[in-house]
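Trainee: Mind looking over this structure? Questions follow.
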Amino acid sequence: MKIILPEFLRWQPGAEQWAVPVSAWDTGPTSYLRLRRVLLDGRPVAGRNIIFPGVMPVYLLPAGARTSDPAAYLATLGREDKRYACSWLILKTAGLSALQVSGGQHSLELEFITFAGMTCRAATTILLAPLPAHHHWQPVELQMHNSSHDDGHWSPAAIVKELVGRGYRALYFTPHADLIAGFWEEFAGLCRDLSSTIAVFPGLELTTRNSAGHLLLYGLTALEGWQNARNPGQVIIDRVNRLPGHTASVTVSHPFGRPPWPWEDEPVVDYSGLEVFSGLQWYFDLESRPLQLWRREVARLSGRVFLTGYLPSARAGSDWHQVLPYQGYVTYVYLPDSWAGLPWQEQKYFLDLALRRGYTVASRRGGLAYFLINGQPPGTSVTLPPGAILEIKIYWQGVVEGDYQFLLFQGYKNMGKAIWQAETRGAGGGRRPAWKVELAAPGETSYYWLYVSGPDQVLTSPVFLRPARR
């Protein structure tokens, strides 16, 4: 038997509760487990601090799994974009010691017992660390489903409470179009009512023709006319881009798994983002399928950026629906420094506009890396004469302790190459590494983007550069 806990769990110091997903798998006939005790830093947690079902189901590995190792089987599920169920252990932090909720890493151990008396244990590490604070880059969850207007498992209020404890500043609920039909006004009003602690906004997930792929729509003001699984992707994108106000935008959702990403056979243009970290994803390096697709799309569409203003910026979204672990990806969005104090409608306007323009950084676990080219952040465009100095400043604020590598890429119409790299160690909490690079502007249109690897993975949207006309 194998008890599966996430390899990574992070909350803000002082969060009211920790929601821990737990799953049990076996090849035998065991049906249920009982929770015997919970240990935090080696000390038992009192029952009044624990919310958990009386018993937890044990899922059987199917015969076709070809493995007796449940962890390996779950990795197979992740590659195929299948979902697996879990139970939720809620730890209330009010009764824990001050040292256990103030910050740092903590050891969490769960002990279960079968009806036959066999003991099973599992352990993980909980990291209490705040998301990086920045006056422009705000952490946002861009794809979330709920139980009130969609096929999600948690209520909207419960999700907001969880994301507050994780440090997000904004959230888009993105229900499926066929499930939200007729409830748009109620849905939008609910988002506004939930925005007392973080900003909550209405979005939409729409299936393209033949259910070949999904698109995320932001900046909408009404639902009427959005037929699910009816139109090709380009028809949807063009219609969104023509909406009044010029703040609505489209992101390509979860471009991996089943069904496969359809846009390679039916390519689209003028969308504003592509999810490089999404759903139950297991691979995050430069050779993972989402990042390969993103790199190809940036190269393919680089010639259109200065004509249309649209670029496939890097996005992340949990795509959290039902009883499966919440991944906690973060999209940092570049916003005015006064954004947090604005009224809800103005917050929505600036966030919708930033998403349309592609001012984003995708982060797997919450680290923030970004760069400025002559003062311009990711998602922007710069015009300079050939040979002019490019002053590139690179910044890093980490969350997870470890060794990190930084790669700055320069691309043309081909896939590009790394032109600078650096390494550092730490989480970046008090020490925030920064680097400065100077290059000569090339004589042709190019683009630059930053990738960070290590215990966390971060990908920035590109900055595009074109030579000034003489």
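According to the working numbering, the residues represented by the sequence shown are 102 to 571, in order.
For each residue, glycine too, the CB sits at the ideal point set by N, CA and C.
(1) Determine the DSSP secondary structure at Gln113, reduced to helix, strand or coil.
(2) In three-state terms, what does DSSP make of Tyr435?
(3) Inspect the CB distances between the stretch 533 to 551 and the stretch 487 to 502 and report whether three or more fall short of 8 Å.
(4) Provide the residue span of the alpha helix (DSSP H) that contains Ala278, from first to last.
(5) Tell me whether Gly446 sits in a helix, a strand or coil according to DSSP, three-state version.
(6) So Cys292 is in the beta strand (DSSP E); what residue range does that whole segment cover?
(7) Which term fits Gly404, buried or exposed, when burial requires 16 or more other beta carbons within 10 angstroms of its beta carbon?
(8) Skipping 5 residues on each side, what residues in its chain have a beta carbon closer than 6 Å to that of Arg526?
(9) How big is the Cα-Cα spacing for Val159 and Ser124?
(10) Hey, quick one: how far does the alpha helix (DSSP H) through Glu263 stretch, first residue to last?
(11) Between the C-alpha atoms of Ala489 and Asp453, what's the straight-line distance to the nearest angstrom?
(12) What residues in its chain sit with their C-beta under 8 Å from that of Leu197, if we drop five residues either side in the sequence?
(13) Would you mind sorting Gln328 into buried or exposed? The rule is 16 or more other CB atoms within 10 Å of its CB.
(14) In angstroms, rounded to a whole number, what distance separates the CA positions of Ile520 and Tyr513?
(15) Figure out for me which residue from Val353, Gly326, Ala330 has the closest Cα to the Cα of Arg340.
(16) Three or more C-beta pairs under 8 Å: does that hold for the stretch 233 to 250 against the stretch 128 to 141?
(17) Measuring alpha carbon to alpha carbon, tell me which of Gln393, Glu398, Lys103 ends up nearest Cys221.
(18) Residues in its own chain within less than 8 Å of Ala289 by CB, not counting five upstream and five downstream?
(19) In three-state DSSP terms, what is Val341?
(20) Expressed to the nearest angstrom, what Euclidean distance is found between the alpha-carbon atoms of Thr461 and Phe357?
(21) Can you grab the Cα-Cα spacing for the pair Arg570 / Gly517, in whole Å?
(22) Excluding the 5 residues flanking Val265 on each side, which residues of the same chain have their C-beta closer than 7 Å to its C-beta?
(23) With distance defined between alpha-carbon atoms, name the residue in Leu321, Pro114, His237, Leu161 nearest to Pro437.
(24) Between the stretch 428 to 435 and the stretch 460 to 476, do at least 3 Cβ pairs fall closer than 8 Å?
(25) Just to confirm my understanding: we take Thr409, look at its own chain, exclude 5 residues before and 5 after, and list those with CB closer than 6 Å. What are they?
Mentor: Working from what's here:
(1) Correct three-state label for Gln113: coil.
(2) strand
(3) yes
(4) Unbroken alpha helix (DSSP H) run through Ala278: 278 to 281.
(5) In the sequence as presented, Gly is not what sits at residue 446; that position holds Gln. DSSP places Gln446 in helix when its eight states are reduced to three.
(6) Taken as a continuous stretch (DSSP letters only), Cys292 belongs to no beta strand (DSSP E), being part of the alpha helix (DSSP H) at 285 to 294.
(7) exposed
(8) These residues qualify, in order along the chain: Asp504.
(9) Between the alpha carbons of Val159 and Ser124 lies a distance of about 7 Å.
(10) According to the DSSP assignment, Glu263 belongs to the alpha helix (DSSP H) that extends over 257 to 267.
(11) 33 Å
(12) Leu141, Val146, Asn150
(13) exposed
(14) 13 Å
(15) For Arg340, the nearest C-alpha among the options comes from Gly326.
(16) no
(17) Closest by alpha carbon: Lys103.
(18) Closer than 8 Å at the Cβ level, and outside the excluded window around Ala289, lie Pro303.
(19) helix
(20) Approximately 20 Å between the Cα atoms of the pair.
(21) 24 Å
(22) Thr298, Ile299
(23) Out of Leu321, Pro114, His237, Leu161, His237 has the C-alpha closest to the C-alpha of Pro437.
(24) yes
(25) Excluding five sequence positions before and after Thr409, the CB atoms of its chain that fall closer than 6 Å to its own CB belong to Asp371, given in chain order.
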